Amino acid sequence: MSLSQLPVAKHNWHCTYSAKQVLENEARVAQNQQLALYQLMERAGSAAFETLQQHWPNAQSILVLCGKGNNGGDGFVIARLAHLANLRVTVLLTCDAKSIKGDALLAYQNMISVGVTNIVTNDLIEQVKLFSGDVIVDALFGIGFYGSLAKPMQGLVTAINTNTADVLSVDIPSGLCATTGFIDSTSAVIATVTVTFIVYKQGLLTGQSANYVGQLILADLLLGNAFTQQVTCHHYFQKEYPLYNGVSFLTKRLNTSHKGTIGQILAIGGGVGMPGAIRLASEAALRSGAGLVAVCCHQENQALVLNGRPELMLAPNNVKELVNASALDKAKVLLLGPGLGQAEWSKSLFELIVGSFVNSSKNENIVIDADGLILLAKTNYFCNRWVLTPHPKEAATLLGCDTVTIEADRFHAVRAIAKKYGGICVLKGAGTLISDGHIVVVNSTGNAGMASGGMGDVLSGIVAALILQTENYFVATCLAVYIHGAAGDIIEKEQGQRGMLASDLFLPLQRLVNLHIE
Numbered sequence: 000m001s002l003s004q005l006p007v008a009k010h011n012w013h014c015t016y017s018a019k020q021v022l023e024n025e026a027r028v029a030q031n032q033q034l035a036l037y038q039l040m041e042r043a044g045s046a047a048f049e050t051l052q053q054h055w056p057n058a059q060s061i062l063v064l065c066g067k068g069n070n071g072g073d074g075f076v077i078a079r080l081a082h083l084a085n086l087r088v089t090v091l092l093t094c095d096a097k098s099i100k101g102d103a104l105l106a107y108q109n110m111i112s113v114g115v116t117n118i119v120t121n122d123l124i125e126q127v128k129l130f131s132g133d134v135i136v137d138a139l140f141g142i143g144f145y146g147s148l149a150k151p152m153q154g155l156v157t158a159i160n161t162n163t164a165d166v167l168s169v170d171i172p173s174g175l176c177a178t179t180g181f182i183d184s185t186s187a188v189i190a191t192v193t194v195t196f197i198v199y200k201q202g203l204l205t206g207q208s209a210n211y212v213g214q215l216i217l218a219d220l221l222l223g224n225a226f227t228q229q230v231t232c233h234h235y236f237q238k239e240y241p242l243y244n245g246v247s248f249l250t251k252r253l254n255t256s257h258k259g260t261i262g263q264i265l266a267i268g269g270g271v272g273m274p275g276a277i278r279l280a281s282e283a284a285l286r287s288g289a290g291l292v293a294v295c296c297h298q299e300n301q302a303l304v305l306n307g308r309p310e311l312m313l314a315p316n317n318v319k320e321l322v323n324a325s326a327l328d329k330a331k332v333l334l335l336g337p338g339l340g341q342a343e344w345s346k347s348l349f350e351l352i353v354g355s356f357v358n359s360s361k362n363e364n365i366v367i368d369a370d371g372l373i374l375l376a377k378t379n380y381f382c383n384r385w386v387l388t389p390h391p392k393e394a395a396t397l398l399g400c401d402t403v404t405i406e407a408d409r410f411h412a413v414r415a416i417a418k419k420y421g422g423i424c425v426l427k428g429a430g431t432l433i434s435d436g437h438i439v440v441v442n443s444t445g446n447a448g449m450a451s452g453g454m455g456d457v458l459s460g461i462v463a464a465l466i467l468q469t470e471n472y473f474v475a476t477c478l479a480v481y482i483h484g485a486a487g488d489i490i491e492k493e494q495g496q497r498g499m500l501a502s503d504l505f506l507p508l509q510r511l512v513n514l515h516i517e
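Below, the structure is given as C-alpha cells:
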C-alpha cells in the first residue's frame, strides 16, 4: 500500500503545489468562496504586513521593492499599511507607474491616496545600497517567475543581498522558481523570512531554496482549506512528526514480543577499507528498533564492525556460504550497499542479493544505498519492493545524467527514479524527497550540520528498521526520513552544527522512535 492509498485526511502531511497549479486555480477557488481577486490581494498584503510587525516589532523604516504585477500589488498594500502605522516608507518601483494595471493598479492608487509619496523609479540599485533602515520588503516577482533575471535586476538583487537590513520576501524570494526551487540565474533574493500565501509552493521546500527562503510562514488567507479540497494534490509536505489518526505508525509492542517476532535485518556492505558505513547503518537499525541485525562484510572488517557493539551478529562474508546460511532466509528486510565498494567481492554479493530478491516470492523488502545504487544503475532490474536512497550524484548515475540536471528539478528526478527502477526513491539533500513514482513527500527536518560522513548510512539503517516494524513501507520510509533529520536537529539545538557526527544521532533516534506510541 502506498501513501496514495491511505486516507490523506487522517494523517498530518500538508498539501503543496506547483506554481502552475496555484496560478491556474486560485482565481476559481476565490470566486467559489465569493472572494474578489482584489480582496485576495488585500488579504495577502495584510498578512505580509502582520508578519513584518511580528518579526520586527521595533522597525521604524522599511524599503518596499515592487514590480508591476500582482506581487508588486501586495507590496503596495504593505506600503500603505506601514504608512498608516507611522513607519517611514520608501517604495522602489521597477517600472513606469503608467504600466501598472488591474488589481495592482488599484492597490497602487489606494497607497497614493493615504499619503505615501516617497516613490522612487530611478537609480534603484543605488537606493538599495544607501538604505539604512530596518527591513527590505521583496515584492518584485511572484510565483509566475521562471528563467533568468535580467542583468539590471541581478544588480538589484545583489544590492538587496549585500545590504545589512533584514529581508521579507512576499510569496517567494524573487529569482527562485516556485515549482522546482531552482535558480536559473546568478542570484535570487536571500530572505530572512518568506511569507507565502494560500498553500505551500513545492519549490520553497527543497533543493537550492534552503539557501534563500529563510524562515517560511504560510498565510492561507482563509482560502487554504478550500484550495486543497478543490485542487488535486500529488505532493505533500512532511512538516511535523508523521502521524495517522493522531498516533505513530509504530504500534505499541505486546508484552510477549521477542526478537524473533520483531524481525531480523541482514545488512550487506563493508568492503575492503570501508568498515564504518555498514557499522553505522547496522547500529542505526538496532537503535531504531530492529530485533536482530546480522552483518555481511568483508572478512578483514569483521572485528572492526563488531567492536564495541556485541549486539550485532556476523553473517557469512562470501556468496557460497551466504547462499546456504540461515541469515538470508531469516531476514525480513535486507540492507545493501553501505561501504560495499565496486570490487569483484562486492559485485558477486550484489548479484546474489538483488538477483535472488527480484525473483523471490517472499514478501520482503530491501533498502539499497551507496555502492549498491551504483551497481544497480548498470542493470535492468525493476522491483516494487525496494527503497532506493540516492544523494544527487547517485541519482544522476541512476538516470544517466549529471547532478545539475537532478538539482534543476528534484521532483522530476525522484519520480523518474521510482518509475525506472520501481519501489520507492528517497532523494537526499536539503528538503529530502520521497516518491513512489506518483506522489512526492517533502521532508522538513535536518540541518547543515548533517553534511558529514556516515549520515546517509545511518538513514539507510533507520529505513530498514522501520520497514521491519510497520505494515506500510512507504510511510515507514517517510517516518524514517523525518526521524533521521529530527535527530540531527536535536543535536544542533543541544551542541550546535559544526562537529556533528553520524553516530551522535543514535541516542536521539531511540527517543524519537518511541514518540506518540499508544
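So in numbering that gives the first Met the number 0, spot 505 of the sequence shown is number 504, and the numbers just go up one at a time. For glycine and all other residues, C-beta sits at the position ideal for the given N, C-alpha and C. Quick caveat, the model's predicted, so the values are computed rather than measured.
Can you tell me where the beta strand (DSSP E) with D165 in it begins and where it stops?
-> 165-169
Range of the contiguous alpha helix (DSSP H) that encloses T402 | 402-407
In angstroms, rounded to a whole number, what distance separates the CA positions of V294 and N300?
-> 11 Å
Just mark S281 as buried or exposed, buried being the case when its beta carbon has 16 or more other beta carbons within 10 Å.
-> buried
Are D368 and S459 closer than 8 Å when you measure CB to CB?
-> yes
Quick one, which of R87, A342, I99 has its alpha-carbon nearest N117's?
-> R87
From E125 to I423, what distance separates their C-alpha atoms?
-> 50 Å
Just the Cα atoms here: how many angstroms apart are I365 and S60?
-> 57 Å
For the stretch 339-356 against the stretch 255-272, are there 3 or more C-beta pairs whose distance is under 8 Å?
-> yes
G180 and Q207 closer than 8 Å at C-beta | yes
Give a yes or no on whether the C-beta atoms belonging to V527 and T89 are separated by under 8 Å.
-> Outside the displayed span of the chain (0 to 517) sits residue 527, for which this structure offers no information.
State buried or exposed for P172, treating a residue as buried only when at least 16 other CB atoms are found within 10 Å of its CB.
-> buried
List in chain order: all unbroken beta strand (DSSP E) runs of 3+ residues lying wholly within the stretch 324-369.
-> 330-335, 364-367
Sufficient close CB pairs (3 or more, under 8 Å) joining the stretch 216-230 to the stretch 493-507 | no
Rounded to whole angstroms, what's the CA-CA distance from G487 to L504? Just pull it up for me.
-> 6 Å
Tell me where the beta strand (DSSP E) around T195 begins and ends.
-> 192-196
Extent of the continuous beta strand (DSSP E) run through S434 = 432-434
Cβ pair A158, V134 closer than 8 Å | no
If you draw a straight line from the alpha carbon of E310 to that of V304, how long is it in whole angstroms?
-> 11 Å
Host alpha helix (DSSP H) of Y107 (start-end) | 101-112
Taking the continuous alpha helix (DSSP H) assigned at T442, which residues delimit it?
-> Residue identity differs from the one stated: residue 442 is Asn in this sequence, not Thr. Segment 439-442 is the beta strand (DSSP E) holding N442; no alpha helix (DSSP H) there.
S112 to R409 span [Cα, whole Å] | 45 Å
Is G259 near G288, with beta carbons less than 8 Å apart?
-> no
Would you please state the rounded distance, in angstroms, between the beta carbons of A106 and V63? I believe it to be under 8 Å.
-> So it is not a contact: roughly 12 Å between Cβ atoms.
Extent of the continuous beta strand (DSSP E) to which H13 belongs = 13-16
Let me know the beta strand (DSSP E) ranges lying completely inside the stretch 247-293, each 3 residues or longer, listed in chain order.
-> 263-267
Identity of the residue in V188, T402, L217, G213 nearest K200 by Cα | L217
For A538, the first and last residue of its enclosing beta strand (DSSP E) = Summary: the structure shown does not reach residue 538, with the chain confined to residues 0 through 517, and so no result is reported for it.
If you follow the beta strand (DSSP E) that F236 is part of, which residue opens it and which one closes it?
-> 234-237
Tell me which same chain residues have a C-beta within less than 7 Å of the C-beta of S247, skipping the five on either side of it?
-> L514, H515, I516
Close-in-space but distant-in-sequence residues of the same chain around G448 (CB under 6 Å, 5 per side omitted) | E491, Q496, M499
Cβ-Cβ separation, R286 to L508 (assumed contact under 8 Å), whole Å = 5 Å
Starting from the Cα of L220, find the closest Cα among T402, F196, R510 and give me that residue.
-> F196
Backbone CA spacing between S325 and G307 [nearest angstrom] = 25 Å
Could you give the DSSP three-state label for A450: helix, strand or coil?
-> coil
Check the DSSP bridge columns for W385 and list the partner residues they point to.
-> I365
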